[in-house]
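Student: The working numbering puts the first residue of the sequence shown at 555, with every later residue one more than the last.
Don't be surprised by glycine CBs; every beta carbon is placed ideally from N, CA and C.
These numbers were taken from a predicted model, which means no experiment stands behind them.
Questions regarding the structure given below will be posed in turn.
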Amino acid sequence: MKTVLQRVKRASVTVDGLLISEIGPGLLVFLGVGESDEIADLEWMAEKIVNLRIFEDENEKMNLSVKDTGGSILLVSQFTLYGDAQKVRRPSFSEAAKPEKAKVFYEACGRRIAELGVPVSMGVFGAMMAIDLLNDGPVTILIDSKR
555 MKTVLQRVKR
565 ASVTVDGLLI
575 SEIGPGLLVF
585 LGVGESDEIA
595 DLEWMAEKIV
605 NLRIFEDENE
615 KMNLSVKDTG
625 GSILLVSQFT
635 LYGDAQKVRR
645 PSFSEAAKPE
655 KAKVFYEACG
665 RRIAELGVPV
675 SMGVFGAMMA
685 IDLLNDGPVT
695 ILIDSKR
């Protein structure tokens with residue numbers, strides 16, 4: 555699994571002009587599921603997202619997780635994280651999971667994050683979504699469960 559996490563002051567998802575989900579302070583997480591991903595990748599990624607210490611403490615050091623701060627997570631499915639454009643001008647998505655698998659993993663990741671004690675809002679799998687966010691920092695982290 556691959557993610558791009560952005561520390562945000564707020565974030566929201568709209569589809570066809572309708573507000574679907576929104577959060578206040580927390581993390582906007584774009585999640586990509588790979589064809590070779592297994593349940594162990596999902597478990598590892600959910601734990602990493604919830605416990606990653608990228609929020610500042612009272613000494614302005616990144617020592618707190620989204621869980622520590624009482625923040626929320628907006629989880630958005632994004633297969634394009636598996637786009638390989640290394641040798642071509644049009645990305646190949648051959649390493650991305652098929653939609654059937656990706657949807658199951660995406661929804662399971664959302665449930666697991668909630669089980670770990672962090673409020674989670676979701677985008678709409680497979681939809682054309684408009685994402686609105688106010689970065690905090692900015693702080694943007696790339697995570698790959700296979701590395």
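Check whether the segment 594-602 touches the segment 626-635, taking contact to mean three or more Cβ pairs, one atom from each stretch, closer than 8 Å.
Tutor: Contact fails: fewer than three Cβ-Cβ distances are below 8 Å.
Student: Which term fits Asp591, buried or exposed, when burial requires 16 or more other beta carbons within 10 angstroms of its beta carbon?
Tutor: The residue given as residue 591 occupies position 37 in the sequence shown. It counts as buried.
Student: From Ser648, Asp570, Leu596 and Asn689, pick the residue whose C-alpha is nearest to that of Glu661; which is it?
Tutor: For the purposes of this step, residue 661 is taken as the residue at position 107 of the sequence shown. Closest option to Glu661, Cα to Cα, is Leu596.
Student: Under three-state DSSP, which class holds Pro673?
Tutor: Within the sequence shown, numbered from 1, the residue matching residue 673 stands at position 119. If DSSP states are grouped into helix, strand and coil, Pro673 belongs with coil.
Student: Report, in whole angstroms, the separation of the C-beta atoms of Asp698 and Lys556, which I expect to be a contact under 8 Å.
Tutor: Counting from one through the sequence shown, the residue named residue 698 turns up at place 144. Counting from one through the sequence shown, the residue named residue 556 turns up at place 2. The pair is a contact, with the Cβ atoms about 5 Å apart (cut-off 8 Å).
Student: Counting along the chain, where does the beta strand (DSSP E) carrying Ala684 start and finish?
Tutor: Translated into positions along the sequence shown, residue 684 becomes position 130. Taken as a continuous stretch (DSSP letters only), the beta strand (DSSP E) holding Ala684 covers Ala684 to Asp698.
Student: If Arg561 and Leu581 are in contact, beta carbons under 8 Å, what's the gap, nearest whole angstrom?
Tutor: Your numbering for residue 561 matches position 7 in the sequence shown. Your numbering for residue 581 matches position 27 in the sequence shown. So it is a contact: roughly 6 Å between Cβ atoms.
Student: So, for Thr694: in the same chain, excluding its five sequence neighbours on each side, which residues have a beta-carbon less than 6 Å away from its beta-carbon?
Tutor: By 1-based counting over the sequence shown, the position of residue 694 is 140. Closer than 6 Å at Cβ, skipping near neighbours: Gln560.
Student: Check whether the Cβ atoms of Ala650 and Glu589 sit closer than 8 Å, and answer yes or no.
Tutor: One-based indexing of the sequence shown puts residue 650 at position 96. One-based indexing of the sequence shown puts residue 589 at position 35. Contact flag set, yes.
Student: Name the DSSP bridge partner or partners of Gln560?
Tutor: If you number the sequence shown from 1, residue 560 lands on position 6. BP columns for Gln560 point to Leu582 and Thr694.
Student: Output yes or no for whether 8 Å exceeds the beta carbon distance between Gly664 and Met682.
Tutor: The residue given as residue 664 occupies position 110 in the sequence shown. The residue given as residue 682 occupies position 128 in the sequence shown. Going by C-beta atoms, Gly664 is not nearer than 8 Å to Met682.
Student: If you run the structure through DSSP and keep just helix, strand and coil, what is Gly637?
Tutor: Residue numbering aside, residue 637 sits at position 83 when the sequence shown is read from its first letter. In this structure, Gly637 counts as coil in the three-state DSSP scheme.
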